[in-house]
Amino acid sequence: MATPDSKQARSVCPLDCPDTCGLKVTVEEGKVTQVTGDPEHPVTQGAICHKVRQFPDRVHHPDRLLYPMRRTGPKGAGRFKRMSWEEALTEIVDRFRSTIHDYGAEAILPYSYYGNMGLVNNGSMDRRFFHRLGASRLKRTICNTAGNIGFAHTMGIKGAIDPEETVHSRYVLLWGGDFISTNMHQMMFLQQARKQGARIVTIDVRRTRTARWSDEFIQIYPGTDASLALAMMHVMVKENRIDWEFIRQYTTGWEPFRRRIELYSPERAAEETGVPAETIRRLARDYAAVSPSFIRIGNGLQHHDHGGMTVRTIACLPALTGQWRYRGGGALKENGFSTVDTLKLERPDLLPNPGVRSFNMIQLGDILLQANPPIRCLFVYNTNPAAVAPSQEKVIQGLKREDLFTVVHDLFITDTARYADLVLPATSSLENTDVYKSYWHLYFQMARPVLSPQGEAWSNFRLFQTLAERMGFDEPCFRDQPEDIIRQVLDNPANPWMEDLSFEELAEKGILKVNPAKDPLFPDRLSRPEGKIALYSEASASLGLDPLPGYRRPREGGSAAGPIDPDHPYILLSPPNHQFLNTSMANIPKLKRIERKPELEIHPDDAADRGIENGDTVEVFNHRGRSLLSARLTTDVPRGVVVAPGVWWNDAYKGRRGINQLTPDREADLGGGAVFFSTAVNLKRREYSKNAVT
Ligand code: SF4
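For the sequence shown, the tail end lands on 694 under full-length UniProt numbering, and the numbers increase by one without skipping.
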């Protein structure tokens, strides 16, 4: 509640979450005292999650980095002393210049992700700077790449439904995501749908909050979802529960597709998924019987070796019953309507060396340890790879290299910043001008600063603009102001759905919706070149991949039929918990207290096999590394699967080894995506003593 001494202003949640909520921020005497939801936001409607209501504790955290600092102890010790911005900028520019002179610009690597989703502070001036520098390029693949490409191989676009229309859905499959924790406003729409009679079914490995809320929960073995989808389609075709007219008019490749799914009987799928064949038959019949039906495809599915194919296969389901005809029918992976002109924003044309090498971000450890010629300078912002990147031990060893010059720009001394030579204080989103597009709903939103920069914090935008100036880059794009970037975001003639958006209107209203009706996807604007849904995918074929939907076991772990490697018989999943967002917010004491500590959920029978009891310290290990967690016995997870919700900072773990010590840095089948969940491990009970376990 605003008082005479306080002001309230609108803002936007910057975190890597599909909801991109509108916020109402109360500021009193120069401090943020309350963050709530903006009731005027058409989608988020005043509701926000518990974690972001703690934003005042983040912005004014006692550990907030307020001025630049230089490392004084060994890498990783976290000892720093204050320095001035002038000293820091001079050192960075000198180091970049000497590196370019001695080794070439490719010896410099930017490393960032979406800790801040604003396009002014992530995805414009930063990219321009590193492109102009000629630095090695980074493929930002760690989250949604495989699934988005897989969905597009079927549909031609990564998302084909406005989520606001899902209130009209009458049968819903929530597949592979705990949406109460990760997309809460989708659940608000489905709550309305349910009041009007919708049945909601969750398919997931673990009995999550979302699973408990649903009308039915179908528990499935990790990485086998494509097998279930194929068997459902097998039943639907065999029992003639499909829309022949729709298939004939709006899909390609029916005959080879039909022959393919004939191979996938419910009995065969039951062996892989652990879902009984009769349940698969009933699920297929239920799904086929009701229109409009809607599938919300979660993030978990794609984090397997064949994650792209899994999402592509599930995306075929709505076509069989013609769901794209109906309002509220279809499937959604991500918002595909708000594509911006990245060439204009990021300016890859500035590269002095267009053939410059590029690296997949999920392989940071190998990049730092094995790239040839080596990386000499690493610049990290908007992410915390020492905690979130897979194969963590290699990442840490790489960050420890004495000859590596590392700069981290962040709000805190994160796990990664502990290894930096220089740490630079970043503004929070509440201190920035920025524009946000959601990867779920269809709105662009603009935020103005509601607070002055804290201490000597600089925005990413200001930092990279200043570095460009110091490097002598004189192209006009380096003189753009945040408002110029926002205009460029809205100006994308190639996107018909954004045609009516103007900067002036966004600046006045703060929020604008893209218009899918401007150029409807259905019936003929789907997969190119035919404009039809690709049951047989030329896009997959052109990459040398199987053009038909299919299922293969993950390379690690196995299926419900049994493990591949008896020495590592458990599959480890590390999904998001309820109170953190990746490692953002994982240093807020109130949220840490709620999440308690890094825990490993284990089925009681598996625990009994290993002599593990509730609360015991458990060592999870494989050939990549090990991590110590506290056992939590629960029947929410199936036998053979252990779950470590997170992501905690490494210092929360006994021995400081995070859960990503265990995860592989292999690439998924599409887009070089991450395969966090195709991780096989073993377990043992450990006596923990701070001195004995390192
Ligand atoms: S984290 Fe997600 S749900 Fe929470 S406020 Fe931000 S956008 Fe909304």
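Heads up, the beta-carbon is just placed ideally off N, CA and C, and yes, glycines get one too.
Owing to the predicted nature of the structure, the values given are computational and were not obtained by experimental measurement.
Would DSSP call residue i helix, strand or coil?
{"i": "HIS185", "result": "helix"}
{"i": "PHE478", "result": "helix"}
{"i": "TYR381", "result": "strand"}
{"i": "ILE375", "result": "coil"}
{"i": "LYS518", "result": "helix"}
{"i": "PHE444", "result": "strand"}
{"i": "ALA315", "result": "coil"}
{"i": "GLU508", "result": "helix"}
{"i": "ASP204", "result": "strand"}
{"i": "THR694", "result": "Reliability fails at THR694, whose pLDDT of 40 lies under 50, so the model's placement of it is uncertain and the value that follows must be treated cautiously. Note: THR694 maps to coil in three-state DSSP."}
{"i": "GLU267", "result": "helix"}
{"i": "LYS590", "result": "helix"}
{"i": "THR310", "result": "helix"}
{"i": "THR416", "result": "coil"}
Can you give the Cα-Cα distance for residue i and residue j, rounded to whole angstroms?
{"i": "VAL12", "j": "ALA47", "result": "13 Å"}
{"i": "ALA561", "j": "THR26", "result": "55 Å"}
{"i": "ALA426", "j": "GLY455", "result": "10 Å"}
{"i": "THR224", "j": "TYR536", "result": "21 Å"}
{"i": "SER627", "j": "PHE621", "result": "7 Å"}
{"i": "ASP606", "j": "VAL205", "result": "16 Å"}
{"i": "GLU262", "j": "TYR551", "result": "13 Å"}
{"i": "THR383", "j": "TRP440", "result": "21 Å"}
{"i": "GLU613", "j": "ILE602", "result": "10 Å"}
{"i": "VAL693", "j": "ARG212", "result": "Its pLDDT being 47, under 50, VAL693 is placed unreliably in this model, and the value from its coordinates should be taken loosely. Cα to Cα, the separation comes out at about 38 Å."}
{"i": "ILE588", "j": "LYS51", "result": "9 Å"}
{"i": "VAL304", "j": "ARG312", "result": "In the sequence as displayed, the identity of residue 304 is His instead of Val. Straight-line Cα distance between these residues: approximately 13 Å."}
{"i": "VAL611", "j": "LEU633", "result": "Sequence check: residue 611 is Gly here, not Val. Going from the Cα of GLY611 to the Cα of LEU633 covers about 12 Å."}
{"i": "LEU451", "j": "VAL32", "result": "8 Å"}
{"i": "ILE533", "j": "GLN249", "result": "10 Å"}
{"i": "residue 738", "j": "VAL641", "result": "Any question about residue 738 goes unanswered here, given that the chain covers just 1 to 694."}
{"i": "ARG209", "j": "ARG97", "result": "52 Å"}
{"i": "ASP16", "j": "SER584", "result": "9 Å"}
{"i": "VAL167", "j": "GLY37", "result": "21 Å"}
{"i": "SER542", "j": "ASP519", "result": "27 Å"}
Let's see if you can read the secondary structure: which residues bound the alpha helix (DSSP H) around residue i?
{"i": "HIS153", "result": "145-155"}
{"i": "ILE92", "result": "85-103"}
{"i": "LEU501", "result": "No alpha helix (DSSP H) holds LEU501; DSSP gives it neither H nor E."}
{"i": "HIS603", "result": "Taken as a continuous stretch (DSSP letters only), HIS603 belongs to no alpha helix (DSSP H), as it is neither H nor E."}
{"i": "TYR250", "result": "244-250"}
{"i": "LEU283", "result": "277-289"}
{"i": "SER542", "result": "538-542"}
{"i": "residue 704", "result": "Not covered by the structure: residue 704. The range shown for the chain is 1 to 694."}
{"i": "PHE130", "result": "125-133"}
{"i": "ILE367", "result": "364-370"}
{"i": "ALA644", "result": "Element bounds for ALA644: n/a, residue is neither H nor E."}
Going by other Cβ atoms of all chains shown within 10 Å of its Cβ, with 16 needed for buried, is residue i buried or exposed?
{"i": "ASP616", "result": "buried"}
{"i": "ASN353", "result": "exposed"}
{"i": "THR72", "result": "exposed"}
{"i": "ARG357", "result": "exposed"}
{"i": "ASP421", "result": "buried"}
{"i": "GLY298", "result": "buried"}
{"i": "GLU475", "result": "exposed"}
{"i": "ALA608", "result": "exposed"}
{"i": "ALA135", "result": "buried"}
{"i": "ARG327", "result": "exposed"}
{"i": "THR90", "result": "exposed"}
{"i": "ASP162", "result": "buried"}
{"i": "ASP19", "result": "buried"}
{"i": "ASP434", "result": "buried"}
Assuming residue i is part of the beta strand (DSSP E), what are its boundary residues?
{"i": "HIS409", "result": "405-410"}
{"i": "GLY330", "result": "330-332"}
{"i": "MET69", "result": "69-71"}
{"i": "THR617", "result": "617-621"}
{"i": "ILE626", "result": "For clarity, residue 626 is Arg in the given sequence; the question names Ile instead. Taken as a continuous stretch (DSSP letters only), the beta strand (DSSP E) holding ARG626 covers 626-633."}
{"i": "PRO434", "result": "Rather than Pro, the amino acid found at residue 434 in this sequence is Asp. Element bounds for ASP434: 434-437."}
{"i": "GLN219", "result": "216-219"}
{"i": "ARG347", "result": "Note, ARG347: premise wrong, no beta strand (DSSP E); not H, not E."}
{"i": "THR26", "result": "22-28"}
{"i": "TRP254", "result": "From DSSP, TRP254 is part of no beta strand (DSSP E) but of the alpha helix (DSSP H) over 254-262."}
{"i": "PHE80", "result": "80-82"}
Does chain B have any CB closer than 9 Å to the CB of residue i?
{"i": "ASN116", "result": "Here chain B cannot be found, since the structure has a single protein chain."}
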